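Q: Residue numbers (my numbering): 4 to 754.
Glycine included, each C-beta is placed from N, C-alpha and C at the ideal position.
Since we're looking at a predicted model, the values are computed, not measured.
Below is a structure I'd like to ask you about.
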């Protein structure tokens, strides 16, 4: 008599002897010579029992195989143009490598489900190897690309009028086939398409989509930037209902607006911004108190008063999250009527503000504070350049701003005190060059200049940091839900790797009891290497060891600033989290601190924090892409010229070099023909096997510009040979790279 137990005992040897083979229910039934329906039902029960006991598992093809089901992990797929990729798994130290046959047609940025087919081996620098089981969420739902028509014969045969191909390297291999929907694009037009079908086994290297919009020919002025804006999903135009709401807002402060606010229009409040600033969301005032302390008032435009909760304008600003600052334009979070009008602290007009008054002692500590809603009037629109000149003793400007000079000098004094205080507590201060790309009327770059920060820029930064910390601590101590800007403690493994790296330069950091890293310990490293040849190398390695700042409803602190509490309160014209910080202040002042109010914000803030963090990254990606594009255009007519450069990054496939104007490009390892160079990962160095020539971050050298690919925003250099290139014996530490897996080109990873 056939029983479930009998069939189970029959099945086990079959599976054990054929561990790599999967079986269908039908094949197992034939193997066991089962003929009637009752026995087939018993077989189904036996298989289910083996699966429940994790002795076998069901594959995605509805077959059964020996062993427990492989663990399914979810992560983000990072593709390479060569076909392979990596999947970053949360709480996993190493990304999983995905070979080309195992990507399951995942595209860069997709959320995927994988299993591990080869675990990481002890002592092997490579991580685990995985296989994509399924794509659970597509990142690319639309695409911007260049149109190419099909021939009449191919169009008639396929039903498509042409293809749209992205200029993005990782998507370039997947043309999107589009049909005639009434829009008649021409060759070279940049089109926005919505993806309807993704690569699959039948069409492994193509997609299908619908044309949404034509941005213009790729060579038309401004279309290059516009394409990147659309590619990064940055919204350009405001919906009609949003503009209607904005247009209904008065362009002046009304008597009704003043109710419940403190009038401080008599205080000599000033704004200090860049020469080309058009909107002003922060103003400051300072005087010395009889006890020797400083009164610092930081007054921020009250955008939340006009962007009312759950209105069309609020929904739009939430979706945008931030303003995006490009080389030739600003894509604002708010309509210009607000950002440059009633929400801007323009001189000599009354404006609504959120104010944070602080009493700061001579050691830089905030000993008293008050946060309130106010009406202010800016008594001067000052610029960083002019304030720097005033503080440096420019006689003409000191005479022009005679009434404000004493206050500005006191501000400079307080800034020095506050900077010293932050330094002593361990704030990590990286000083990086910031480039300004100058473009002509058509958007073509004509120069790149380095912006230098003077006392005034640092001074305003000090005052804004103080206000952000004070506001964050105030509401945390009241146990009220709030939104925070957080920068978490770096991962222990990353810091351990960093410590081993700096030990090569004779830098040791004594670890405290318990082994917890502190900002002050890392700040000491930055101080120790200042002005030394290894400064750039150590700073870049440190930056890559730190986590990325984000928004959170939890007060996790800001490691880089060595601040226990921190928020973004000071830029509500261009950042949604700052607007929310103001809305919370008003809510608690108006609605109280009851359970219902707390519950409301406890539910809302997590989603707001995630959205703000996501949109911030999207905006930064767009800004960097446009900068890279304009830098490539700027270098286009300089092919063949030689330049002084500094090594800014080292990888297994070459090294990135930066020119004094911040233009960055790649010296691919294939262009280093005087030797065979190997990558020493823990030293961030390339070492010649024969010559022992060594290239590291921070090293100066001479390069020749070989090629500029504007579409790819890629710049290629080659080395000018030099007898002064340092040598080393680092070859003993070489781990041979797997060169067939190294990308041929790429940007230096950014933290």
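What's the C-alpha gap between residue 245 and residue 339?
A: Residue numbering aside, residue 245 sits at position 242 when the chain shown is read from its first letter. Residue numbering aside, residue 339 sits at position 336 when the chain shown is read from its first letter. Those two C-alpha atoms are separated by around 12 Å.
Q: Could you name each continuous beta strand (DSSP E) segment of 3 residues or more that falls completely within the region 172-250, going from the start of the chain to the end?
A: Whole beta strand (DSSP E) segments, 3+ residues: 179-181, 192-200 and 210-220.
Q: Measuring only the C-alpha atoms, how far is residue 289 from residue 383?
A: In the chain shown, the residue the question calls residue 289 occupies position 286. In the chain shown, the residue the question calls residue 383 occupies position 380. Spanning the two alpha carbons is a distance of roughly 14 Å.
Q: Can you list, in chain order, the residues of its chain whose CB lies under 7 Å from that of residue 349, leaving out five sequence neighbours each side?
A: As a working note, residue 349 is residue 346 in the chain shown. If we look at residue 349 and ignore the five residues flanking it on each side, its Cβ neighbours are 283 and 381.
Q: If we ignore side chains and look at the alpha-carbon of each, how far apart do residue 281 and residue 344 end up?
A: In the chain shown, residue 281 corresponds to position 278, counting from 1. In the chain shown, residue 344 corresponds to position 341, counting from 1. Spanning the two alpha carbons is a distance of roughly 10 Å.
Q: Is the distance from the Cβ of residue 321 to the Cβ of residue 579 below 7 Å?
A: Numbered from 1 along the chain shown, position 318 holds the residue referred to as residue 321. Numbered from 1 along the chain shown, position 576 holds the residue referred to as residue 579. Yes.
Q: Per DSSP, what kind of secondary structure is residue 448 in: helix, strand or coil?
A: Residue mapping note: residue 448 aligns to position 445 of the chain shown, counting from 1. Strand.
Q: Going straight from the alpha carbon of residue 3 to that of residue 730, what length do you get?
A: Because residue 3 is not part of the residues shown, which for the chain are 4 to 754, the question remains open.
Q: Could you have a look at residue 519 and say whether DSSP puts it in helix, strand or coil?
A: As a position in the chain shown, residue 519 is number 516, starting the count at 1. Note: residue 519 maps to coil in three-state DSSP.
Q: Per the DSSP calculation, residue 384 is bridged to which residue(s)?
A: Counting from one through the chain shown, the residue named residue 384 turns up at place 381. According to DSSP, which records beta bridges pairwise, residue 384 is partnered with 274.
Q: Determine, using beta carbons only, whether residue 687 and residue 653 come nearer to each other than 7 Å.
A: Residue numbering aside, residue 687 sits at position 684 when the chain shown is read from its first letter. Residue numbering aside, residue 653 sits at position 650 when the chain shown is read from its first letter. Yes; because the gap between Cβ atoms is below 7 Å, this pair is in contact.
Q: Between the beta-carbon of residue 180 and the beta-carbon of residue 141, is there less than 7 Å?
A: Along the chain shown, read from residue 1 onward, the residue named residue 180 stands at position 177. Along the chain shown, read from residue 1 onward, the residue named residue 141 stands at position 138. No, Cβ-Cβ distance for residue 180 and residue 141 is not below 7 Å.
Q: Give every residue of the same chain whose Cβ lies closer than 8 Å to the Cβ of residue 442, excluding the five residues on either side of it in the sequence, and list them in chain order.
A: Along the chain shown, read from residue 1 onward, the residue named residue 442 stands at position 439. Cβ neighbours of residue 442 beyond the five flanking positions: 330, 331, 448, 449 and 633.
Q: Along the chain, which unbroken stretches of the alpha helix (DSSP H) at least 4 residues long are found entirely within the region 306-352?
A: Runs of the alpha helix (DSSP H) inside the region 306-352: 315-323.
Q: Spell out a yes or no on whether the region 569-589 and the region 635-654 are touching, meaning 3 or more CB-CB pairs, one atom from each, closer than 8 Å.
A: Verdict: no, contact absent.
Q: What would DSSP say about residue 166, mapped onto helix, strand or coil?
A: Along the chain shown, read from residue 1 onward, the residue named residue 166 stands at position 163. Note: residue 166 maps to strand in three-state DSSP.
Q: Only counting runs of 3 or more residues, tell me where the beta strand (DSSP E) segments fall wholly within the region 690-721, in order along the chain.
A: Qualifying beta strand (DSSP E) stretches, in chain order: 697-699 and 703-712.
Q: Can you tell me where the beta strand (DSSP E) holding residue 424 begins and where it ends?
A: For the purposes of this step, residue 424 is taken as residue 421 along the chain shown, with counting starting at 1. Residue 424 -> not in any beta strand (DSSP E); alpha helix (DSSP H) instead, spanning 408-428.
Q: How is the alpha helix (DSSP H) around residue 262 delimited, first residue to last?
A: For the purposes of this step, residue 262 is identified with residue 259 of the chain shown, where counting begins at 1. From DSSP, residue 262 is part of no alpha helix (DSSP H); its letter is neither H nor E.
Q: I need the DSSP call for residue 548, collapsed to helix, strand or coil.
A: Here residue 548 is taken as the residue at index 545 of the chain shown, counted from 1. Three-state result, residue 548: helix.
Q: What do you get for residue 172, buried or exposed, if any count of 16 or more other CB atoms within 10 angstroms of its CB means buried?
A: Counted from its first residue, the chain shown places residue 172 at position 169. With 16 or more Cβ atoms within 10 Å of its Cβ, residue 172 is classed as buried.
Q: Indicate whether the contact test is met: 3 or more Cβ pairs, each with one atom in the region 541-555 and one in the region 465-485, closer than 8 Å.
A: As far as the Cβ criterion goes, the region 541-555 does not touch the region 465-485, which means the pair count is below three.
Q: Grab the span of the beta strand (DSSP E) containing residue 152 for me, first residue to last.
A: As a position in the chain shown, residue 152 is number 149, starting the count at 1. Counting along the chain, the beta strand (DSSP E) containing residue 152 begins and ends at 145-152.
Q: Suppose the cutoff is 7 Å on Cβ atoms and the five residues either side in sequence are ignored; what does the same chain contact list for residue 723 look like?
A: Within the chain shown, residue 723 is the residue found at index 720, counting from 1. Result list for residue 723: 645, 705, 706 and 707, in chain order.
Q: Below 7 Å between beta carbons: does that hold for residue 178 and residue 217?
A: By 1-based counting over the chain shown, the position of residue 178 is 175. By 1-based counting over the chain shown, the position of residue 217 is 214. It is not a contact, given that the beta carbons lie outside the stated cut-off.
Q: Going by Cα to Cα distance, which pick from 226, 120 and 391 is closest to residue 195?
A: In the chain shown, the residue the question calls residue 195 occupies position 192. Among 226, 120 and 391, the Cα nearest to that of residue 195 belongs to 226.
Q: Terminal residues of the continuous alpha helix (DSSP H) containing residue 557?
A: Against the chain shown, residue 557 aligns to sequence position 554. No alpha helix (DSSP H) holds residue 557; DSSP gives it neither H nor E.
Q: Mind the definition here: the region 104-118 touches the region 132-141 only if three or more C-beta pairs lie below 8 Å; say whether that holds.
A: With the cut-off at 8 Å, the region 104-118 and the region 132-141 touch.
Q: So, with DSSP's three-state summary, where would you put residue 106?
A: For the purposes of this step, residue 106 is taken as the residue at position 103 of the chain shown. Correct three-state label for residue 106: coil.
Q: Who are the Cβ neighbours of residue 367 in its own chain at under 6 Å, not counting the five residues just before and after it?
A: Translated into the one-based positions of the chain shown, residue 367 becomes position 364. Counting only Cβ-Cβ distances below 6 Å, and skipping sequence neighbours, we find 420, 421 and 424.
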